[in-house]
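Below: one structure, written as structure tokens.
Protein chains: 2
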Amino acid sequence: MRQSQLFTKTSKDNPADEQAKNAQLLIRGGFIHKEMAGVYSMLPLGYRVMEKIVHIIKEEMDAIGGIQMKTSALQSKDVWEKTNRWDDEVVDNWFKTTLKNGTEVGLSFTNEEAYSNIVKNFVSSYKDLPLYPYDFKTIFRNEIRSKSGIMRGREFYWKALYSFSADKESHDVFYEKSKEAYRNVYNRVGLGAYTYMTFASGGTFSKYSHEFQTVSEAGEDLIYIDTAKGIAINKEVLTDEVLAELNIDRATLVEKKAIEVGNIFSLGSKFSDPFDLTYKNSEGGDVPVFMGSYGIGVTRLMGTVVEVLSDEKGIVWPESIAPFKVHLLQLGDQVITNAQEIYNQLLENNIEVLFDDRIGMSAGEKFADSDLLGMPHRVVVSERSLAQGGVEYKKRDSDESTVLSVESLIQQLIA
Amino acid sequence: MRQSQLFTKTSKDNPADEQAKNAQLLIRGGFIHKEMAGVYSMLPLGYRVMEKIVHIIKEEMDAIGGIQMKTSALQSKDVWEKTNRWDDEVVDNWFKTTLKNGTEVGLSFTNEEAYSNIVKNFVSSYKDLPLYPYDFKTIFRNEIRSKSGIMRGREFYWKALYSFSADKESHDVFYEKSKEAYRNVYNRVGLGAYTYMTFASGGTFSKYSHEFQTVSEAGEDLIYIDTAKGIAINKEVLTDEVLAELNIDRATLVEKKAIEVGNIFSLGSKFSDPFDLTYKNSEGGDVPVFMGSYGIGVTRLMGTVVEVLSDEKGIVWPESIAPFKVHLLQLGDQVITNAQEIYNQLLENNIEVLFDDRIGMSAGEKFADSDLLGMPHRVVVSERSLAQGGVEYKKRDSDESTVLSVESLIQQLIA
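In order, the protein sequence lines correspond to chains W and F. Each step along the first sequence adds one to the number in numbering that gives the first Met the number 0, with nothing skipped, and position 58 is 57. Each step along the second sequence adds one to the number in numbering that gives the first Met the number 0, with nothing skipped, and position 321 is 320.
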């Protein structure tokens, strides 16, 4: 798209009321708008990133048998009372509101209850299992403070899948598959090298849950990494007993701050019991469904990419989730026709391109904007580049630029 | 997908607590789940329909220059106070909630304020205009009663585009384009023949607004249709003066109940004034931006299709928004292998198919389910059809079936 038609503009100055790097860079770049502390709107560039992350997660969930749906934002008190989580003493970050008739309703802060309540209508026999429904939705959490940008919002966008299995054995098979799917997600959004599957505290039905933790100074968690094994242990479960069980030597562990970018959890019958979510097994007995939960914060993941992959000049988007693959800069009003022609050629080759066709701006301003916005490939059209036979091409994460013919450029971009 | 793996099941009985046909059929078919009165979750089949409607609207909005974003659900009191619409006396169907620090926040009930507040940050010159941002989002309205199923929810899914133009002339050009885009949407979702552009009351900046009204006994509005001209007048503006101005003869008008499935509205500076949303014109003067709003309720449109296009047996989805194009029924356990093979052939030809592979069910039950669920093409594999050389093919909206070879079937479906 043409930058002259883009909704937003960049800003040189960091917003005074933001401490988190992700919020600073995303606001300066015009990716997000701050509605209030912990609540952000996605502007067109930010929306494009979010949609690409959503698409990657969706593909990975579908690949392991996930089936997408969309649960409501308003949730019923009756449903929540079944697990005793309606009580503000039990869940201290509820947002609630009130119907005209005085009935209190909740703004969904998680989905275990909603899913158990829905699935109960459709499960009666072991033949109905397993089920792996999921949705992407806006989640509301009434945080006391919100200083981490889009990494911990009062409102955020989130994927949650719940698994409903006949027994622990079939649950465990899916649980292992989900680990692979999660790994794929982090690899595909560019965080694979920084993200560790981390042993964390479990519950009644499993000794551990598994978090996916991305190493970052902006993280709120402390993890202990066994680099050789490629796994980590959350501080909360770091005991000699656990180390022995996982066959890990404490001396090899490296302590790092990390951001929790996902978690998977065996729930057992914690929710199926209160909802009476059972099925008839082949002998006719009533057996509680064995559940698991699998969450990823989409907006947190986006914020984490910014925290981890940006440099002093701005954001460095991985190609998989960049708003556009290419940033095409037209430098100087003399090259408008040539730049326009190259823009059309890129579009004809189905290359997503942001075309900085703005006139009356200096090269320095355009380069600074391009670094801030962070598209992976920068292509400059100037009188000099044309005289040298083409365009100046540079990757966002490299300092070296080369002059290429337009044909070679396209070959390289679609390779 | 295989029906045996589908999340949901059909039900023979109408839900006792639903009066609206759309809710009855959608719940019986397992398209939606009722969370509470006026609040529904989209189950996998319903989600597929909703996503297809979203995709059609998105294409039409993008085609006229729309640019997608995603505004927050929680909205700030400060922003709403600028237009005096925070007051519960002014807007009587607010949902509000409270931050931990006691600050009241609103759940977005519409988006004029949010957009004006955001766009103000990025518009300074006439060169920044026009802008046509839009988003799909969940909208909250605290309705006293909610008896119309997904046609009037306390929570619903919605597209709103706002136009920001330099003056009335350029606004009017876009406004006319938007009428065409809206017409395209209704044609594409199968409601074109029943939907009339309807003159309705305007505001300070235009005599009329334009509603799109779909004729249905379930409608809450009364419209007067000039069949020859293909337009209608909402009862609220039906005066002799208006008839004269539109050159319409009262005697030709036909009164009908109708469902408002969209509206477009010239806002002028109604919102740009309180937000001080101005730009410098070429002479350096400050001029208020001329705004327009363009809304479509996605879930209401889905409900309207069910109201208008269903028959006594169930829903009749238009192909464009059907969850699946084809419903493939395997009748009798002897044909499992053949049915499986045909299923694979359809998938290989990129045909979306729901495969009723359930065993131990009668033909009557499968036919009844198929009629209720409403896929446009029904394909039956039975010993009889195979003996006759193929499959029995029937359209949902026809009583005639024919036996086709699988090759002919595929030819017909991809034609």
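By construction, the Cβ of each residue, glycine as well, lies at the ideal position given by its N, Cα and C atoms.
With a threshold of 8 Å between beta carbons, W/F94 makes contact with chain F. The Cβ neighbour count for W/A414, taken over all protein chains shown within 10 Å, is under 16; the residue is labelled exposed. R153 and E154: these are the residues of the stretch 150–181 of chain F whose beta carbon lies less than 7 Å from some beta carbon of chain W, given in chain order. Interface residue (Cβ-Cβ distance to chain W less than 8 Å): F/S71 is classified as such. Only residues of its own chain outside the window of five on either side were considered, and among them E306 have a CB closer than 6 Å to the CB of W/A217, listed in chain order. Under the Cβ criterion (8 Å, minimum of three pairs), the stretch 73–88 of chain W does not count as touching the stretch 191–210 of chain W. DSSP places F/S384 inside the alpha helix (DSSP H), whose first and last residues are E382 to A386. The beta carbon of W/E34 is closer than 8 Å to those of S40 in its chain, skipping five residues each way along the sequence. Of the other Cβ atoms in all chains shown, 16 or more fall within 10 Å of the Cβ of W/E259; this residue is therefore buried. When the five nearest sequence neighbours on each side are left out, the beta carbons in the same chain lying within less than 6 Å of the beta carbon of F/I409 are those of N348, in order along the chain. Within the stretch 15–61 of chain F, the runs of beta strand (DSSP E) at least 3 residues long that lie entirely inside it are, in chain order, 31–35 and 38–41.
The beta carbons of W/E351 and W/K324 sit closer together than 8 Å.
Against chain F, the CB of W/N141 has a partner CB under 8 Å away; the residue lies at that interface. With respect to the 8 Å criterion, W/A338 and W/Q329 are classified as neighbours on the basis of their beta carbons. Per the C-alpha coordinates, the member of F/Y161, F/K394 and F/H376 positioned closest to F/T70 is F/Y161. In terms of beta-carbon proximity, F/Y293 stays away from the interface with chain W, with every pair separated by 8 Å or more.
Apart from the 5 residues on each side of it in sequence, W/S177 sits with its Cβ closer than 8 Å to the Cβ of I63, L160, S162, I263, G291 and Y293 in its chain, given in chain order.
Counting only Cβ-Cβ distances below 8 Å, F/F121 has contacts in chain W at F6, T7, K8 and G29, in chain order.
By the neighbour-count criterion, in which 16 or more other beta carbons inside 10 Å mark a residue as buried, F/T336 falls on the exposed side.
Inter-residue distance for F/K312 and F/I52 is about 23 Å (C-alpha atoms, whole angstroms). F/V184 is positioned such that its CB atom lies closer than 8 Å to that of F/I55. Interface annotation, F/Q329: not in contact with chain W, CB-CB separation never under 8 Å. A Cβ of chain W is located within less than 8 Å of the beta carbon of F/P132.
Taking 8 Å as the CB threshold, W/I117 lines the interface with chain F. Unbroken beta strand (DSSP E) stretches of 3 residues or longer found wholly inside the stretch 347–414 of chain F: 352–355, 376–380, 390–394 and 400–403, given in chain order.
Contiguous beta strand (DSSP E) elements confined to the stretch 188–262 of chain F occur at 194–202, 205–214, 220–225 and 230–233, taking only those with 3 or more residues. In the displayed model, F/A159 falls within a strand according to three-state DSSP. Looking from the CA of W/L44, the closest CA among W/A231, W/K279, W/Q2 and W/E103 belongs to W/Q2.
Relative to W/S271, the option among W/E391, W/F94, W/I117 and W/G101 whose CA is nearest is W/I117. In its chain, beyond the 5 residues on either side, N83 have a beta carbon closer than 7 Å to the beta carbon of W/V89. Following the DSSP letters along the chain, one finds W/T97 inside the beta strand (DSSP E) bounded by residues K95 to T97. Listed along the chain, the chain W residues whose CB falls inside 7 Å of the CB of F/Y46 are Q67, M68 and K69. In summary, F/V253 is exposed, with fewer than 16 beta-carbon neighbours lying within 10 Å of its beta-carbon over all protein chains present.
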